[in-house]
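Residue numbers (our numbering): 249 to 349.
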């Protein structure tokens, strides 16, 4: 285990269209992925036990602190994720993922 989290670095000033989704795996593992829709690449991921407000809010704030301009977020509608988006990114456009409806 790391004694200190690594410092995230980012070098692009592009606007980001994120898809956020958690995938549940065996042994109570949840992989939360923040994927850039246009680049089709994962920008951040977190291994945790569930999609929870505190961690998603922290992830979104960290992305903003890196200077990333989030223009749009698509998510499955998980209540914790929605709450974090509304708290950290209240003015960012949001759409519920049509696959998850």
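Here a beta-carbon is modelled for each residue, glycine too, at the ideal position from N, C-alpha and C.
Asked                                                                        : Found
Alpha-carbon spacing of residue 273 relative to residue 336, whole angstroms : 27 angstroms
Any non-hydrogen atom of the ligand NAD within 7 angstroms of residue 312 CB : Absence of the ligand NAD is noted for the structure shown, with no ligands found whatsoever.
Range covered by the alpha helix (DSSP H) that runs through residue 310      : 301-313
Residue(s) in a DSSP beta bridge with residue 343                            : 322
Cβ neighbour criterion (16 or more within 10 Å) applied to residue 297       : exposed
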